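Following: one structure in structure tokens, then a few remarks.
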Amino acid sequence: KAGVTQTPRYLIKTRGQQVTLSCSPISGHRSVSWYQQTPGQGLQFLFEYFSETQRNKGNFPGRFSGRQFSNSRSEMNVSTLELGDSALYLCASSFQDTRSSRLAYNEQFFGPGTRLTVL
Amino acid sequence: GQNIDQPTEMTATEGAIVQINCTYQTSGFNGLFWYQQHAGEAPTFLSYNVLDGLEEKGRFSSFLSRSKGYSYLLLKELQMKDSASYLCAVRSASGGSYIPTFGRGTSLIVHP
Numbered sequence: 001k002a003g004v005t006q007t008p009r010y011l012i013k014t015r016g017q018q019v020t021l022s023c024s025p026i027s028g029h030r031s032v033s034w035y036q037q038t039p040g041q042g043l044q045f046l047f048e049y050f051s052e053t054q055r056n057k058g059n060f061p062g063r064f065s066g067r068q069f070s071n072s073r074s075e076m077n078v079s080t081l082e083l084g085d086s087a088l089y090l091c092a093s094s095f096q097d098t099r100s101s102r103l104a105y106n107e108q109f110f111g112p113g114t115r116l117t118v119l
Numbered sequence: 001g002q003n004i005d006q007p008t009e010m011t012a013t014e015g016a017i018v019q020i021n022c023t024y025q026t027s028g029f030n031g032l033f034w035y036q037q038h039a040g041e042a043p044t045f046l047s048y049n050v051l052d053g054l055e056e057k058g059r060f061s062s063f064l065s066r067s068k069g070y071s072y073l074l075l076k077e078l079q080m081k082d083s084a085s086y087l088c089a090v091r092s093a094s095g096g097s098y099i100p101t102f103g104r105g106t107s108l109i110v111h112p
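Those protein sequence lines, which keep their order, are chains A and B. Quick note: the first sequence uses the working numbering, first residue 1, plus one each step. Quick note: the second sequence uses the working numbering, first residue 1, plus one each step.
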């Protein structure tokens with residue numbers, strides 16, 4: 001079974017631009033979560049989508065948005081890029097959404113990430 | 001807010017046992033996770049605890065005490081490949097959302 005794929009793997013943008021990152025989950029997985037990882041802040045949760053609906057959202061400004069398509073593929077968009085947005089953006093897929101798996105953790109599988117550099 | 005503390009770095013010898021501690025302060029606790037992340041790679045799931053006690057999975061075990069806000073990851077029979085960063089993450093329920101908060105990670109160095 002193919003793993004989680006993310007495109008592009010590397011991206012360089014300038015301040016003020018916008019960027020769209022893509023994530024294809026493992027076949028059959030309907031939940032996709034997005035994370036930002038930086039040396040300074042560590043790994044931080046952005047949002048989770050399940051069946052095309054945003055189910056959970058972290059504490060990020062509205063410049064960060066996402067969506068999920070009927071085939072479970074997800075995109076994340078960052079508008080008006082800032083230098084501080086330079087980071088590794090990871091997506092993770094799982095079979096169920098977080099709310100359905102309180103006592104039995106629904107394992108998340110991470111993709112390789114997209115390395116975004118903002119100049 | 002959420003606060004998660006874990007040691008920045010630990011070293012251990014191949015074949016030994018190491019315990020990585022994690023303390024947390026949170027409201028709406030809804031589970032604690034441990035992940036392993038090798039340099040330049042994505043995190044991989046190791047364990048999940050939502051009830052008090054010990055969960056064992058091969059060479060790795062994870063313990064949780066909700067009343068103490070404390071967890072540890074125990075790695076037995078250490079191998080060189082266990083050199084990695086270990087992330088503790090707490091999931092909290094807030095306003096209908098379930099938000100995972102990660103610690104900064106513990107860099108484990110295993111030497112011969």
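Glycine included, every Cβ here is placed at the ideal spot set by N, Cα and C. Owing to the predicted nature of the structure, the values given are computational and were not obtained by experimental measurement.
Checklist entry - Are the Cβ atoms of B:Q2 and B:T26 separated by less than 7 Å? => result Here residue 2 of chain B refers to the residue found at position 2 of the second sequence. Here residue 26 of chain B refers to the residue found at position 26 of the second sequence. Yes; because the gap between Cβ atoms is below 7 Å, this pair is in contact.
Checklist entry - Comparing alpha-carbon positions, which option in B:A42, B:P112 and B:L78 lies nearest B:I20? => result As a first step, residue 20 of chain B is located in the second sequence; it is residue number 20 there, counting from the start. Cα-wise, what sits closest to B:I20 is B:L78.
Next on the checklist: Quick check on DSSP: helix, strand or coil for B:D52?
Outcome noted: For the purposes of this step, residue 52 of chain B is taken as the residue at position 52 of the second sequence. B:D52: coil per DSSP, three-state reduction.
Next on the checklist: Check for me: the beta strand (DSSP E) holding B:H111 runs from which residue to which?
Outcome noted: Your numbering for residue 111 of chain B matches position 111 in the second sequence. Its beta strand (DSSP E) spans residues T106 to H111.
Item to check | Proximal chain B residues relative to A:E52, where beta-carbon distance stays under 7 Å | outcome: Numbered from 1 along the first sequence, position 52 holds the residue referred to as residue 52 of chain A. The premise fails here: A:E52 is roughly 17 Å from chain B at the closest Cβ pair, so nothing lies under 7 Å.
Item to check | A:R90, DSSP secondary structure in three states | outcome: In the first sequence, residue 90 of chain A corresponds to position 90, counting from 1. Position check: residue 90 of chain A holds Leu in this sequence, whereas Arg was assumed. Of the three classes helix, strand and coil, the one that applies to A:L90 here is strand, per DSSP.
Item to check | Beta-carbon spacing of A:N77, A:S86 below 7 Å | outcome: Position 77 of the first sequence holds residue 77 of chain A. Position 86 of the first sequence holds residue 86 of chain A. Not a contact, by the Cβ cut-off of 7 Å.
Next on the checklist: Once the 5 residues before and after B:D82 are set aside, which same chain residues still bring their CB inside 7 Å of it?
Outcome noted: Residue 82 of chain B sits at position 82 when you count from the first residue of the second sequence. Result list for B:D82: L75, L108 and V110, in chain order.
Item to check | Where B:L87 falls: helix, strand or coil (DSSP) | outcome: By 1-based counting over the second sequence, the position of residue 87 of chain B is 87. Note: B:L87 maps to strand in three-state DSSP.
Next on the checklist: Distance check for A:G16 and B:F63, CA to CA, integer angstroms please.
Outcome noted: Here residue 63 of chain B is taken as the residue at index 63 of the second sequence, counted from 1. Here residue 16 of chain A is taken as the residue at index 16 of the first sequence, counted from 1. Whole-angstrom Cα-Cα distance: 46 Å.
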